[in-house]
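Chemist: In my numbering, the protein residues as written are 7 to 297. Quick reminder that beta carbons are idealized off the backbone N, C-alpha and C, glycines included.
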Amino acid sequence: MARILVIDDSEDVRGFMRDVLVKDGHDVVEAGLLQEAREWLLHNVADAVVVDVELPDGDGISLIPFAAASRPVTRVVVVTGHTSYEYAVRSLHAGAYDFIPKPIVRDDLSSAVRRAVEARMLEARNMELVDDLAGRVRTVNEVLSITREIGGSRDLAGVLDCSLERTLEFFDAEAGAILLARNDRLEVAVARGGPSPHTLVARELPRDRGIGGWVMQKKRPVVVNDALHDPRFDELVDGVIGGYVHSVLACPLLVKNEAIGVVELVNRRSGKFTRENRLAAETLSFSIAAA
(Lines of atoms letter the chains of each structure in order from A and count residues from 1; the text may use other names and numbers.)
(Lines give C-alpha, C1' and ligand atoms only; values in the text may rest on other atoms or scores of the structure.)
Protein backbone atom coordinates (compact mmCIF):
# COMPACT_ATOMS: atom_id res chain seq x y z
CA MET A 1 0.00 0.00 0.00
CA ALA A 2 1.32 3.43 -0.94
CA ARG A 3 0.47 6.71 0.76
CA ILE A 4 -0.82 9.35 -1.65
CA LEU A 5 -1.33 13.02 -0.81
CA VAL A 6 -4.02 14.68 -2.96
CA ILE A 7 -4.49 18.45 -2.97
CA ASP A 8 -7.48 20.19 -4.56
CA ASP A 9 -9.76 22.93 -3.27
CA SER A 10 -12.81 21.11 -4.66
CA GLU A 11 -14.18 18.57 -2.20
CA ASP A 12 -15.88 16.73 -5.06
CA VAL A 13 -12.63 16.40 -7.02
CA ARG A 14 -10.77 15.24 -3.92
CA GLY A 15 -13.51 12.72 -3.26
CA PHE A 16 -13.29 11.37 -6.79
CA MET A 17 -9.50 11.01 -6.61
CA ARG A 18 -9.76 9.43 -3.14
CA ASP A 19 -12.27 6.84 -4.35
CA VAL A 20 -10.15 5.93 -7.38
CA LEU A 21 -6.90 5.64 -5.42
CA VAL A 22 -8.40 3.78 -2.45
CA LYS A 23 -9.89 1.28 -4.90
CA ASP A 24 -6.35 0.86 -6.29
CA GLY A 25 -5.20 -0.10 -2.79
CA HIS A 26 -3.61 3.18 -1.71
CA ASP A 27 -3.84 5.10 1.56
CA VAL A 28 -5.04 8.62 0.71
CA VAL A 29 -4.42 11.86 2.63
CA GLU A 30 -6.39 14.93 1.53
CA ALA A 31 -5.67 18.65 1.67
CA GLY A 32 -7.65 21.59 0.27
CA LEU A 33 -4.91 24.23 0.47
CA LEU A 34 -1.21 24.46 -0.25
CA GLN A 35 -0.48 25.47 3.35
CA GLU A 36 -2.16 22.30 4.64
CA ALA A 37 -0.10 20.20 2.24
CA ARG A 38 3.17 21.94 3.17
CA GLU A 39 2.56 21.44 6.88
CA TRP A 40 1.74 17.76 6.33
CA LEU A 41 4.87 17.21 4.23
CA LEU A 42 7.05 18.81 6.89
CA HIS A 43 6.22 15.92 9.23
CA ASN A 44 5.26 13.09 6.88
CA VAL A 45 6.37 11.43 3.65
CA ALA A 46 4.12 10.57 0.73
CA ASP A 47 4.89 7.98 -1.92
CA ALA A 48 3.27 10.28 -4.50
CA VAL A 49 1.52 13.66 -4.55
CA VAL A 50 -1.36 14.68 -6.81
CA VAL A 51 -1.88 18.45 -6.81
CA ASP A 52 -4.12 20.89 -8.65
CA VAL A 53 -2.24 23.82 -10.14
CA GLU A 54 -4.77 26.53 -9.27
CA LEU A 55 -5.41 26.66 -5.52
CA PRO A 56 -6.82 29.50 -3.42
CA ASP A 57 -3.51 30.14 -1.64
CA GLY A 58 -1.08 29.69 -4.53
CA ASP A 59 0.28 27.72 -7.46
CA GLY A 60 0.34 23.96 -6.93
CA ILE A 61 3.62 23.71 -8.83
CA SER A 62 5.32 25.49 -5.90
CA LEU A 63 4.72 22.34 -3.83
CA ILE A 64 7.16 20.29 -5.93
CA PRO A 65 10.32 21.37 -3.97
CA PHE A 66 8.67 20.28 -0.70
CA ALA A 67 8.00 16.83 -2.09
CA ALA A 68 11.46 16.59 -3.65
CA ALA A 69 13.09 17.15 -0.25
CA SER A 70 12.40 13.53 0.75
CA ARG A 71 14.80 10.71 -0.07
CA PRO A 72 13.91 8.87 -2.18
CA VAL A 73 12.17 11.74 -3.98
CA THR A 74 8.38 11.85 -3.85
CA ARG A 75 7.00 12.25 -7.39
CA VAL A 76 4.37 14.92 -8.05
CA VAL A 77 1.53 14.51 -10.52
CA VAL A 78 0.08 17.87 -11.57
CA VAL A 79 -3.64 18.23 -12.35
CA THR A 80 -4.99 21.28 -14.15
CA GLY A 81 -7.87 22.58 -16.22
CA HIS A 82 -5.33 24.19 -18.56
CA THR A 83 -4.77 21.86 -21.50
CA SER A 84 -2.24 23.95 -23.38
CA TYR A 85 1.12 22.45 -24.31
CA GLU A 86 2.93 25.37 -22.68
CA TYR A 87 1.33 24.71 -19.30
CA ALA A 88 2.26 21.02 -19.41
CA VAL A 89 5.87 21.91 -20.28
CA ARG A 90 6.02 24.44 -17.42
CA SER A 91 4.87 21.78 -14.96
CA LEU A 92 7.37 19.20 -16.16
CA HIS A 93 10.22 21.72 -16.23
CA ALA A 94 9.42 22.56 -12.61
CA GLY A 95 10.01 18.90 -11.73
CA ALA A 96 6.54 17.38 -11.98
CA TYR A 97 6.60 13.66 -12.71
CA ASP A 98 3.42 13.71 -14.83
CA PHE A 99 0.63 15.98 -16.01
CA ILE A 100 -3.11 15.19 -16.06
CA PRO A 101 -5.71 17.52 -17.61
CA LYS A 102 -9.18 18.07 -16.18
CA PRO A 103 -11.72 16.59 -16.24
CA ILE A 104 -9.76 13.74 -14.68
CA VAL A 105 -10.09 10.35 -16.32
CA ARG A 106 -10.03 7.48 -13.83
CA ASP A 107 -7.53 5.37 -15.80
CA ASP A 108 -5.21 8.34 -16.35
CA LEU A 109 -5.10 9.05 -12.62
CA SER A 110 -4.54 5.41 -11.69
CA SER A 111 -1.80 4.98 -14.27
CA ALA A 112 0.05 8.22 -13.40
CA VAL A 113 0.02 7.49 -9.66
CA ARG A 114 1.09 3.88 -10.17
CA ARG A 115 4.08 4.98 -12.27
CA ALA A 116 5.00 7.69 -9.75
CA VAL A 117 4.95 5.19 -6.86
CA GLU A 118 6.95 2.63 -8.85
CA ALA A 119 9.55 5.27 -9.72
CA ARG A 120 10.02 6.10 -6.02
CA MET A 121 10.23 2.41 -5.10
CA LEU A 122 12.84 1.86 -7.81
CA GLU A 123 14.88 4.80 -6.54
CA ALA A 124 14.66 3.42 -3.00
CA ARG A 125 15.92 0.04 -4.18
CA ASN A 126 18.77 1.66 -6.09
CA MET A 127 19.75 3.62 -2.98
CA GLU A 128 19.83 0.38 -0.97
CA LEU A 129 22.04 -1.25 -3.61
CA VAL A 130 24.42 1.72 -3.67
CA ASP A 131 24.66 1.72 0.14
CA ASP A 132 25.23 -2.04 0.14
CA LEU A 133 27.94 -1.73 -2.52
CA ALA A 134 29.64 1.06 -0.60
CA GLY A 135 29.60 -1.11 2.52
CA ARG A 136 31.09 -4.04 0.64
CA VAL A 137 33.84 -1.82 -0.78
CA ARG A 138 34.68 -0.59 2.73
CA THR A 139 34.78 -4.18 3.95
CA VAL A 140 37.10 -5.25 1.13
CA ASN A 141 39.43 -2.32 1.81
CA GLU A 142 39.55 -3.09 5.53
CA VAL A 143 40.18 -6.78 4.86
CA LEU A 144 43.02 -5.89 2.49
CA SER A 145 44.49 -3.57 5.12
CA ILE A 146 44.41 -6.33 7.73
CA THR A 147 45.88 -8.80 5.24
CA ARG A 148 48.84 -6.47 4.56
CA GLU A 149 49.36 -6.01 8.29
CA ILE A 150 49.30 -9.77 8.87
CA GLY A 151 51.80 -10.27 6.10
CA GLY A 152 54.18 -7.83 7.76
CA SER A 153 54.74 -10.10 10.76
CA ARG A 154 57.76 -12.41 10.44
CA ASP A 155 57.22 -14.96 13.23
CA LEU A 156 54.25 -17.28 13.75
CA ALA A 157 53.38 -15.91 17.17
CA GLY A 158 53.39 -12.37 15.78
CA VAL A 159 51.22 -13.37 12.83
CA LEU A 160 48.64 -15.10 15.02
CA ASP A 161 48.51 -12.39 17.66
CA CYS A 162 48.26 -9.59 15.10
CA SER A 163 45.65 -11.54 13.13
CA LEU A 164 43.41 -12.13 16.14
CA GLU A 165 43.73 -8.60 17.46
CA ARG A 166 42.77 -7.01 14.14
CA THR A 167 40.05 -9.59 13.46
CA LEU A 168 38.37 -8.98 16.82
CA GLU A 169 38.49 -5.24 16.20
CA PHE A 170 37.13 -5.58 12.67
CA PHE A 171 34.16 -7.76 13.67
CA ASP A 172 33.55 -5.95 16.98
CA ALA A 173 33.73 -9.27 18.84
CA GLU A 174 34.18 -9.52 22.59
CA ALA A 175 36.65 -12.40 22.46
CA GLY A 176 38.24 -14.97 20.22
CA ALA A 177 40.90 -17.59 19.78
CA ILE A 178 42.98 -19.20 17.05
CA LEU A 179 43.08 -22.97 17.48
CA LEU A 180 45.71 -25.02 15.64
CA ALA A 181 45.44 -28.74 14.91
CA ARG A 182 47.90 -30.96 16.76
CA ASN A 183 47.25 -34.62 15.87
CA ASP A 184 43.87 -35.41 17.46
CA ARG A 185 43.70 -32.20 19.48
CA LEU A 186 43.17 -28.49 19.00
CA GLU A 187 45.76 -26.29 20.67
CA VAL A 188 44.92 -22.72 21.65
CA ALA A 189 47.69 -20.80 19.89
CA VAL A 190 46.47 -17.35 20.90
CA ALA A 191 43.41 -15.93 22.65
CA ARG A 192 42.12 -12.44 23.38
CA GLY A 193 39.21 -10.92 25.25
CA GLY A 194 36.84 -12.64 27.62
CA PRO A 195 36.19 -11.83 31.26
CA SER A 196 39.88 -12.26 32.08
CA PRO A 197 42.10 -11.72 28.99
CA HIS A 198 44.52 -14.53 28.24
CA THR A 199 43.00 -16.70 30.99
CA LEU A 200 41.82 -19.89 29.31
CA VAL A 201 39.61 -22.76 30.38
CA ALA A 202 42.10 -25.12 28.70
CA ARG A 203 45.09 -25.04 26.35
CA GLU A 204 44.34 -28.30 24.52
CA LEU A 205 40.88 -29.24 23.33
CA PRO A 206 39.16 -32.21 21.66
CA ARG A 207 39.38 -31.87 17.88
CA ASP A 208 35.98 -33.43 17.17
CA ARG A 209 33.80 -31.43 19.56
CA GLY A 210 32.02 -28.10 19.51
CA ILE A 211 31.34 -25.64 16.73
CA GLY A 212 35.11 -25.33 16.25
CA GLY A 213 35.42 -29.09 15.75
CA TRP A 214 32.50 -29.08 13.29
CA VAL A 215 34.20 -26.32 11.27
CA MET A 216 37.42 -28.34 11.20
CA GLN A 217 35.60 -31.42 9.91
CA LYS A 218 33.39 -29.67 7.36
CA LYS A 219 36.11 -27.21 6.26
CA ARG A 220 33.64 -24.36 5.96
CA PRO A 221 32.79 -21.26 8.02
CA VAL A 222 29.68 -20.94 10.13
CA VAL A 223 27.72 -18.25 11.96
CA VAL A 224 25.74 -19.31 15.04
CA ASN A 225 23.77 -16.51 16.71
CA ASP A 226 22.05 -18.69 19.34
CA ALA A 227 25.06 -20.74 20.38
CA LEU A 228 23.75 -22.18 23.62
CA HIS A 229 20.82 -23.82 21.81
CA ASP A 230 22.92 -25.15 18.92
CA PRO A 231 23.50 -28.92 19.22
CA ARG A 232 27.12 -28.45 18.08
CA PHE A 233 27.98 -26.10 20.93
CA ASP A 234 30.48 -27.44 23.44
CA GLU A 235 31.25 -25.34 26.51
CA LEU A 236 34.84 -26.57 26.72
CA VAL A 237 35.73 -25.92 23.05
CA ASP A 238 33.52 -22.95 22.16
CA GLY A 239 33.72 -21.41 25.63
CA VAL A 240 37.49 -21.76 25.90
CA ILE A 241 37.90 -18.01 26.58
CA GLY A 242 35.52 -18.25 29.52
CA GLY A 243 32.37 -16.27 30.17
CA TYR A 244 28.92 -16.37 28.59
CA VAL A 245 28.76 -17.25 24.88
CA HIS A 246 25.70 -16.21 22.87
CA SER A 247 27.06 -15.98 19.31
CA VAL A 248 29.91 -17.59 17.40
CA LEU A 249 31.66 -16.93 14.09
CA ALA A 250 34.12 -19.69 13.20
CA CYS A 251 36.26 -20.17 10.10
CA PRO A 252 38.68 -22.96 9.19
CA LEU A 253 42.30 -22.23 8.39
CA LEU A 254 42.86 -24.10 5.14
CA VAL A 255 46.13 -24.95 3.41
CA LYS A 256 45.76 -26.94 0.18
CA ASN A 257 42.22 -27.82 1.28
CA GLU A 258 43.47 -29.27 4.57
CA ALA A 259 42.20 -27.74 7.81
CA ILE A 260 45.15 -26.76 9.99
CA GLY A 261 43.13 -24.82 12.54
CA VAL A 262 40.15 -22.62 13.34
CA VAL A 263 39.57 -18.94 14.02
CA GLU A 264 36.67 -18.63 16.45
CA LEU A 265 35.11 -15.32 17.49
CA VAL A 266 32.40 -14.96 20.13
CA ASN A 267 29.80 -12.36 21.05
CA ARG A 268 29.59 -9.52 18.54
CA ARG A 269 29.02 -6.33 20.54
CA SER A 270 27.05 -4.48 17.88
CA GLY A 271 24.51 -7.25 17.24
CA LYS A 272 24.43 -10.57 15.47
CA PHE A 273 27.12 -11.95 13.20
CA THR A 274 25.96 -11.72 9.58
CA ARG A 275 26.48 -13.49 6.26
CA GLU A 276 28.73 -10.60 5.21
CA ASN A 277 30.79 -11.13 8.37
CA ARG A 278 31.17 -14.81 7.47
CA LEU A 279 32.37 -13.99 3.95
CA ALA A 280 34.87 -11.42 5.24
CA ALA A 281 36.11 -13.83 7.91
CA GLU A 282 36.61 -16.50 5.26
CA THR A 283 38.86 -14.14 3.30
CA LEU A 284 40.83 -13.23 6.41
CA SER A 285 41.25 -16.89 7.41
CA PHE A 286 42.87 -17.62 4.04
CA SER A 287 45.35 -14.80 4.70
CA ILE A 288 46.11 -16.07 8.20
CA ALA A 289 46.62 -19.64 6.95
CA ALA A 290 48.84 -18.46 4.09
CA ALA A 291 50.96 -16.32 6.42
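Taking 7 Å as the cut-off, decide whether the C-beta atoms of D18 and Q41 are in contact.
Modeler: No.
Chemist: Find the nearest neighbour of I67 within the set L98, P78 and T80, judged by alpha-carbon distance.
Modeler: With distances taken between Cα atoms, I67 lies closest to L98.
Chemist: With DSSP collapsed to three states, give me the class of R126.
Modeler: Helix.
Chemist: Report yes or no: do the segment 271-285 and the segment 175-188 share at least 3 C-beta pairs separated by less than 8 Å?
Modeler: They touch, by the three-pair rule.
Chemist: Taking V261 as the reference, give the member of L174, L242, S293 and A52 with the closest Cα.
Modeler: Looking at the Cα atoms, S293 is the closest of the given residues.
Chemist: Which term fits Y103, buried or exposed, when burial requires 16 or more other beta carbons within 10 angstroms of its beta carbon?
Modeler: So Y103 counts as buried.
Chemist: V194 and L170: beta carbons closer than 7 Å?
Modeler: No, the Cβ-Cβ distance between V194 and L170 is not below 7 Å.
Chemist: Inspect the beta-carbon positions of R226 and G219 and report whether they are closer than 7 Å.
Modeler: In this structure, G219 does not lie closer than 7 Å to R226 by Cβ.
Chemist: Verify whether the separation of the beta carbon atoms of A52 and H32 is less than 7 Å.
Modeler: It is not a contact, given that the beta carbons lie outside the stated cut-off.
Chemist: Distance check for V136 and R215, CA to CA, integer angstroms please.
Modeler: If I take the Cα positions, the gap works out to 42 Å.
Chemist: In terms of residue numbering, what span does the beta strand (DSSP E) encompassing F239 cover?
Modeler: Element bounds for F239: n/a, residue is neither H nor E.
Chemist: Nearest to R284 by CA position, among R77, V123, D14 and C257, is which residue?
Modeler: For R284, the nearest C-alpha among the options comes from C257.
Chemist: Check whether the Cβ atoms of A122 and V83 sit closer than 7 Å, and answer yes or no.
Modeler: Yes, the Cβ-Cβ distance between A122 and V83 is below 7 Å.
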